[in-house]
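Working notes for the structure below.
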Amino acid sequence: MENQKQGHFSLFRSLLSKEWAKDTAKLAMWIRLIGEASYKHRTVEFSGREWNLNPGELVTTAAIMGRKLRDQDGHEKSPQAVTRMINFFAREGMITTKGTRFGTVITITNYGQYQEISPDEPRDKPSDNNKPSNGAALKYSPDEPRDKPSDKQNKKVVNKKVVNKKVVNNNKTPLPPKGGCDEGSKPEKRKPTKINYSEYLAAYNEIVGDRLPHAVEVNSERQRKLKKLIDSLATKNIDGFRAYVKAFMAAARPFHFGDNDRDWVANFDYLLRPKVLIAIREGTL
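Note that the UniProt record's numbering has the sequence shown beginning at 1, numbered continuously upward.
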């Protein structure tokens, strides 16, 4: 009953196959981060200040988060341990962070995926005395009154079923076996996702500010290396790239900013190197 009052979010079983999920502290913290993230645009009070949060964001500190994570003996996680886990999630492209001395805003990458419920997924039928709608479960927070589900949400599943039914009725010829095609027809080719390379350069320039040289030209070599880097990111889009650049800026040493006898400074091309991404993930930069 209490779970239905406070709503729910989705977790996929593939999460359990991740190597990092074997660390129970990281797994517990990841679940807590998703669970505490705001489900809609809202303003909260924290540390004596008002914070405007977007969906997928929460504001906290390492010390406060540590008090919510305890081992079997009841010992709290230290702020240092919490910070290490946050940095790990940031390096993996799972979150982005924006900190001040009053608190840190953590943004869950692709938060919407954890709020989705697929109408095709099997689910247990609720009891007659307790039938929460999908919208009510998704849009409810323990510290706010329950929101009324929108008509758009309630009609979403019905509309999909109607559309699917029309497609079946209008298709008078039997479908070919899965993976096959009709004789004489060619299988449809999947169009590759188009990369807006200028958007990635702009994101890099914004994050590094005046601490590193800006990137201006999108030449063919940079396009090739950037595409390869994106394919290696945990989140293969602009959000994952931004998280990677932020993680680099947080882990970089004075050496990377020109404090060396060669007057060398890290730049956009340096971050495109595969070994730099590996170093960020392993914490060995």
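All C-beta atoms, glycine included, are put in the ideal place defined by N, C-alpha and C.
Close Cβ partners of G283 (< 6 Å) along its chain, the five nearest in sequence each way excluded: Taking the sequence shown and counting its residues from 1, the one referred to as residue 283 is at position 283. Within the same chain, G283 has no close Cβ partners at all.
For I95, three-class secondary structure by DSSP: Counting from one through the sequence shown, the residue named residue 95 turns up at place 95. The answer is strand: DSSP assigns I95 an E or B state.
Cutoff 7 Å; reference R242; Cβ partners in own chain excluding five residues on either side: Residue numbering aside, residue 242 sits at position 242 when the sequence shown is read from its first letter. T96, A203, I207.
The region 56-76 / the region 103-115 touching (three or more Cβ pairs under 8 Å): yes
Touch test, the region 211-231 against the region 260-277, Cβ-Cβ under 8 Å, three pairs minimum: yes
Beta carbon of A28 nearer than 7 Å to that of L69: Residue mapping note: residue 28 aligns to position 28 of the sequence shown, counting from 1. Residue mapping note: residue 69 aligns to position 69 of the sequence shown, counting from 1. Yes. Within cutoff.
Sequence ranges, beta strand (DSSP E) only - wholly within the region 15-54, length at least 3: 42-46, 49-53
Enclosing alpha helix (DSSP H) for E57 [first to last residue]: Here residue 57 refers to the residue found at position 57 of the sequence shown. Unbroken run through E57 is the beta strand (DSSP E), 57-60; no alpha helix (DSSP H).
Three-state class that DSSP yields for R84 in the structure shown: Numbered from its first residue, the sequence shown carries residue 84 at position 84. If DSSP states are grouped into helix, strand and coil, R84 belongs with the helices.
Where the beta strand (DSSP E) through V105 begins and ends: Start at 1 with the first residue of the sequence shown, and residue 105 comes out as number 105. Taken as a continuous stretch (DSSP letters only), the beta strand (DSSP E) holding V105 covers 103-108.
Contact set for F46: own chain, Cβ-Cβ below 7 Å, skip 5 residues either direction: The sequence position of residue 46 within the sequence shown is 46, counting from 1. These residues qualify, in order along the chain: V59, G103.
E19 to D261 span [Cα, whole Å]: Numbered from 1 along the sequence shown, position 19 holds the residue referred to as residue 19. Numbered from 1 along the sequence shown, position 261 holds the residue referred to as residue 261. Roughly 40 Å between the two C-alpha positions.
Buried versus exposed, by CB contacts within 10 Å (16 or more), E221: Locating residue 221 in the sequence shown gives position 221, where the first residue counts as 1. So E221 counts as exposed.
Proximity winner among G209, D231, V276, relative to K194 (alpha-carbon distances): If you number the sequence shown from 1, residue 194 lands on position 194. Closest by alpha carbon: D231.
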